[in-house]
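**Student:** Here the protein sequences come in this chain order: A and B. If you count by our numbering, then the first sequence holds residues 1 to 174, one letter each, in order. If you count by our numbering, then the second sequence holds residues 1001 to 1300, one letter each, in order.
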Amino acid sequence: MVKFLIPLVAVLLFFLETEFSLYSPIEWHGHLYYLVPRFLILYLIFLSIYYDRKRAMWYGLIFGVLYDIFYIDIIGLYTFLYPFICFIAGYTVKYIHQHLAITTVLSLVLVALLEIVLHQFFLLISFTSVPFTEFLNQRLIPTMIANSIYLIMLGWTFKYLIEARLFKANQSTL
Amino acid sequence: MPQFFSNKRLILLLVGVIFLVALISFSLRDRQNASLPEQIIKDTVGFGQSIVAKPASYITGFVNNVDELLNTYDENKRLKSRLEEFGTLQAKVNELKVENDKLKDLVGKKDDLRNFDPIQANVIARNPDQWEEKLILNEGSMSGIKVNMAVLTSKGLIGKIVQTTPYTSQVELLSTNNTNYRVSAVVANKKSEAFGLIEGFNAKRGELVLKRIDSSLPVKKGDKVTTSGLGGIFPKGVLIGEVTKVSTDDFGLTKLAYVKPAADFSMLDHVVIAKRQSISVDGSDGNGTNKSITTETGDQ
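(1) Can you say whether Ala1022/B is buried or exposed, counting buried as having 16 or more other CB atoms within 10 angstroms of its CB?
(2) Ordered along the chain, which non-local residues of its own chain (more than five positions away) have a Cβ less than 6 angstroms from that of Gly155/A?
(3) Which residues, taken in chain order from the segment 1053-1077 of chain B, show a beta carbon closer than 7 angstroms to some beta carbon of chain A?
(4) Look at Phe63/A and Leu40/A and say whether their C-beta atoms are less than 7 angstroms apart.
(5) Just to confirm, are Ile1161/B and Met1142/B a CB contact at a threshold of 7 angstroms?
(6) Residues of the segment 19-39 of chain A with a CB closer than 7 angstroms to any CB of chain B: list them in chain order, please.
(7) What does DSSP give as the partner residues of Ile1136/B in its beta bridges?
(8) Measuring only between beta-carbons, confirm whether Leu995/B sits less than 7 angstroms from chain A.
(9) Which ranges does the beta strand (DSSP E) cover as unbroken runs of at least 3 residues, wholly within the segment 1155-1202 of chain B, from first to last along the chain?
(10) Give a yes or no on whether the minimum CB-CB distance between Ser1266/B and chain A is below 7 angstroms.
(11) Am I right that Lys1134/B and Ala1263/B are in contact with their C-beta atoms under 8 angstroms? What's the rounded C-beta distance?
(12) Is the beta carbon of Val111/A less than 7 angstroms from the beta carbon of Asn137/A?
(13) If we count Cβ pairs, one from each stretch, closer than 8 angstroms, do we get three or more for the segment 76-93 of chain A versus the segment 113-128 of chain A?
(14) Let me know if Gly1061/B comes out buried or exposed under the rule of 16 or more other beta-carbons within 10 Å of its beta-carbon.
(15) Please report the residue range of the beta strand (DSSP E) in which Phe64/A lies.
(16) So what does DSSP say about Phe1251/B, is it helix, strand or coil?
(17) Which ranges would you report for the alpha helix (DSSP H) in the segment 1-58 of chain A if only whole runs of at least 4 residues count?
(18) Which same chain residues, not among the five before or five after Thr1295/B, have their C-beta less than 7 angstroms away from its C-beta?
(19) Is the shortest distance between the beta-carbon of Ile74/A and the beta-carbons of chain B less than 7 angstroms?
(20) Residues of chain B with CB under 8 angstroms from Leu118/A, in chain order?
(21) Along the alpha helix (DSSP H) that carries Lys1211/B, what are the first and last residues, could you check?
(22) Closest Cβ-Cβ distance between Thr128/A and chain B: below 7 angstroms?
(23) First and last residue of the alpha helix (DSSP H) that includes Arg1114/B?
(24) Is the segment 1229-1244 of chain B touching the segment 1088-1101 of chain B, taking contact as three or more C-beta pairs under 8 angstroms?
(25) Whose C-alpha, out of Phe1047/B, Ile1233/B, Leu1173/B and Arg1031/B, is nearest the C-alpha of Pro1166/B?
(26) Taking DSSP as the reference, what is the three-state secondary structure of His97/A?
(27) DSSP three-state call for Pro1218/B: helix, strand or coil?
(28) Under 7 angstroms between C-beta atoms, does Val1045/B make it to chain A?
(29) Is it true that the CB of Ile1279/B sits closer than 7 angstroms to the CB of Ile1119/B?
(30) When we look at the beta-carbon of Glu163/A and count the other beta-carbons within 10 Å, is it buried (16 or more) or exposed?
(31) Determine the closest residue to Gly1232/B out of Asp1250/B, Val1246/B and Gln1277/B, with distance taken between C-alpha atoms.
(32) Could you check the C-alpha separation between Asp1043/B and Thr1168/B for me, to the nearest Å?
(33) Provide the residue span of the beta strand (DSSP E) that contains Lys1092/B, from first to last.
(34) How long is the line joining the alpha carbons of Ile26/A and Ser1266/B, rounded to whole angstroms?
(35) Measuring straight from C-alpha to C-alpha, what distance separates Phe132/A and Leu1020/B?
(36) Determine the DSSP secondary structure at Thr1295/B, reduced to helix, strand or coil.
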């Protein structure tokens, strides 16, 4: 049962991301603020830290392709970025302490990195003309606040879920 | 420090990057049409998405209802004051409608740019990274939706269809950054009609930019802006918004107006796609490809 739970949660988060983005942008004091939900990649980062880097990268690849085809019609963007982020997460964690607080900060930093890379890419292909400072105020900071609230609420659930899976895997090998 | 990449991995990475760049440029070139595997994936994901969207939209509906309930008292007071006004307006509209029909009969004019067949659809997804203002609907080419049709809510125009698959379709909102996105519009006040094109969105003001208005025509703050139907595909008379500021354009030759959109672009769940009854041509609302008009007869 736990075996199927990990991909199932990933699928659910993939679908939920867009439901939450229907509420964005938020108007506050006459300014528009964009909140970009990054539930799936946060989950995948947790997977690659606590579970298995390779498997997380595979999930990243599959969901990246789906994301590219379904939402943005530029195949290759998220297809590359999702596994790449998982790779960095899995690689860094070898050198740092795996405390929940540290991994939370690490995953938020990686999401910020993802956002910045995407902004640079869309500037490059001139889909957007938003300068960096405006991007920072309108998108990055609100996005990071929203995602950190989400991660603080659910990070320990991810960890618990992955640990339950690992426990099960260890049991079957014994 | 161990070696970050072994040789084999480095080659794999390089090949991967080259492949990806090729893939990106390939898919950037033709984004209007989805290939068959893309269509299959879109329809499958769309199916899953529409299942998840249902409970989510119930929750949104509930929250909205509670929100409306809280505002009922104020709203009621305001509406009561407008009710009398409404009665006389209604009588006048009926009168004008009858007269209009009679006159139309007299001249034998059957076709009207205003008439359209509504196709109802639900929003199942929105591009979550929000770099492009796109929505995905749960109806596609099987229910008669075609690229470039107008998409509206009860409040006004919100965008147009940019891509269809058999069971889903993609809407690009008016608030897009895309410079090739134009809507033929008209500013109407009591005296005159001024035509112009909605071109672009001013993100700072959160308003649409209406360009190329003849500078001799009077356009005032508060005038209503509607679609003109002259762009070829959109029906006539769909509300776009209200003029908030008028100025001249960069060259001082034509007027430019900022238009506050009537429809709300966030929290969309139910939309209507307008399928125009009269012949549609590929004009400024479409891609502006100057294709021969006579070959594209549209469907009646």
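Quick reminder that beta carbons are idealized off the backbone N, C-alpha and C, glycines included.
**Tutor:** To lay it out plainly:
(1) Within the second sequence, numbered from 1, the residue matching residue 1022/B stands at position 22. With fewer than 16 other Cβ atoms within 10 Å, it is exposed.
(2) Here the question's residue 155/A lines up with position 155 in the first sequence. Excluding positions up to five away in sequence, the list reads Thr104.
(3) Result list: Ala1053 and Ala1056.
(4) For the purposes of this step, residue 63/A is taken as the residue at position 63 of the first sequence. For the purposes of this step, residue 40/A is taken as the residue at position 40 of the first sequence. Cβ distance < 7 angstroms, so Phe63/A and Leu40/A count as in contact.
(5) Position 161 of the second sequence, counted from the start, is the residue given in the question as residue 1161/B. Position 142 of the second sequence, counted from the start, is the residue given in the question as residue 1142/B. Remark: C-beta atoms of Ile1161/B and Met1142/B do not approach each other more closely than 7 angstroms.
(6) When C-beta distances to chain B are compared with 7 angstroms, the residues of the segment 19-39 of chain A below that value are Glu19, Ser21, Leu22, Tyr23, Ser24, Pro25, Leu32, Tyr34, Val36 and Pro37, in chain order.
(7) Translated into positions along the second sequence, residue 1136/B becomes position 136. Ala1125/B and Gln1170/B, per the DSSP bridge assignment.
(8) Past the boundaries of the shown model lies residue 995/B; chain B is included only from 1001 to 1300, so the question cannot be answered.
(9) Counting whole runs of 3 or more residues, the segment 1155-1202 of chain B contains the beta strand (DSSP E) stretches 1157-1164, 1169-1173, 1182-1188 and 1193-1202.
(10) Numbered from its first residue, the second sequence carries residue 1266/B at position 266. Among the CB atoms of chain A, one or more fall inside 7 angstroms of the CB of Ser1266/B.
(11) Residue 1134/B sits at position 134 when you count from the first residue of the second sequence. Residue 1263/B sits at position 263 when you count from the first residue of the second sequence. Not confirmed; about 16 angstroms, so no contact.
(12) What you label residue 111/A is simply residue 111 of the first sequence in a count that begins at 1. What you label residue 137/A is simply residue 137 of the first sequence in a count that begins at 1. Against a cut-off of 7 angstroms, the Cβ pair of Asn137/A and Val111/A comes out as no contact.
(13) Taking one beta carbon from each stretch, the segment 76-93 of chain A and the segment 113-128 of chain A have 3 or more pairs nearer than 8 angstroms; the two touch.
(14) In the second sequence, residue 1061/B corresponds to position 61, counting from 1. With fewer than 16 Cβ atoms within 10 Å of its Cβ, Gly1061/B is classed as exposed.
(15) Counting from 1 along the first sequence, the entry for residue 64/A is found at position 64. The displayed chain sequence assigns Gly, not Phe, to residue 64/A. Gly64/A -> not in any beta strand (DSSP E); alpha helix (DSSP H) instead, spanning Arg53 to Tyr67.
(16) As a working mapping, residue 1251/B is identified with position 251 in the second sequence. The three-state secondary structure of Phe1251/B, taken from DSSP, is coil.
(17) Those alpha helix (DSSP H) runs which fall completely within the segment 1-58 of chain A and span 4+ residues are 2-21 and 39-50.
(18) By one-based count along the second sequence, residue 1295/B stands at place 295. Only weak support is given to the placement of Thr1295/B: the predicted model assigns it a pLDDT of 45, under 50, and the question is left unresolved by the model.
(19) By 1-based counting over the first sequence, the position of residue 74/A is 74. So yes, Ile74/A belongs to the interface.
(20) Within the first sequence, the letter at position 118 stands for residue 118/A. By Cβ distance, chain B contributes Asp1129 and Trp1131.
(21) Taking the second sequence and counting its residues from 1, the one referred to as residue 1211/B is at position 211. Lys1211/B -> not in any alpha helix (DSSP H); beta strand (DSSP E) instead, spanning Glu1207 to Asp1214.
(22) Taking the first residue of the first sequence as 1, we reach residue 128/A at position 128. It does: the Cβ of Thr128/A has a partner Cβ on chain B nearer than 7 angstroms.
(23) Translated into positions along the second sequence, residue 1114/B becomes position 114. Where Arg1114/B is concerned, there is no enclosing alpha helix (DSSP H), given that its DSSP letter is neither H nor E.
(24) Segment contact: the segment 1229-1244 of chain B against the segment 1088-1101 of chain B, fewer than three CB-CB distances shorter than 8 angstroms; contact not assigned.
(25) Here residue 1166/B corresponds to residue number 166 of the second sequence, with the count starting at 1. It is Phe1047/B.
(26) The residue you call residue 97/A lines up with position 97 of the first sequence. In the displayed model, His97/A falls within coil according to three-state DSSP, outside both helix and strand.
(27) Here residue 1218/B corresponds to residue number 218 of the second sequence, with the count starting at 1. Looking at Pro1218/B - three-state DSSP - the assignment turns out to be coil, as it is neither helix nor strand.
(28) Locating residue 1045/B in the second sequence gives position 45, where the first residue counts as 1. True, the Cβ-Cβ gap to chain A drops below 7 angstroms.
(29) As a first step, residue 1119/B must be located in the second sequence, where it is residue number 119. As a first step, residue 1279/B must be located in the second sequence, where it is residue number 279. Going by C-beta atoms, Ile1119/B is not nearer than 7 angstroms to Ile1279/B.
(30) In the first sequence, counting from the first residue as 1, residue 163/A sits at position 163. With a 10 Å radius around the Cβ and a threshold of 16 neighbouring Cβ atoms, Glu163/A comes out exposed.
(31) For the purposes of this step, residue 1232/B is taken as the residue at position 232 of the second sequence. Out of Asp1250/B, Val1246/B and Gln1277/B, the CA that lies nearest to the CA of Gly1232/B is found in Gln1277/B.
(32) The residue you call residue 1043/B lines up with position 43 of the second sequence. The residue you call residue 1168/B lines up with position 168 of the second sequence. Their backbone Cα atoms lie some 6 angstroms apart in a straight line.
(33) One-based indexing of the second sequence puts residue 1092/B at position 92. Per DSSP, Lys1092/B belongs to no beta strand (DSSP E); it is in the alpha helix (DSSP H), Leu1036 to Val1107.
(34) Here the question's residue 26/A lines up with position 26 in the first sequence. Here the question's residue 1266/B lines up with position 266 in the second sequence. Approximately 8 angstroms between the Cα atoms of the pair.
(35) Translated into positions along the first sequence, residue 132/A becomes position 132. Translated into positions along the second sequence, residue 1020/B becomes position 20. Between Phe132/A and Leu1020/B, the C-alpha separation is close to 25 angstroms.
(36) Along the second sequence, one-based indexing puts residue 1295/B at 295. Any reading at Thr1295/B is ruled out, since the residue's pLDDT is 45, under 50, leaving its predicted position unreliable.
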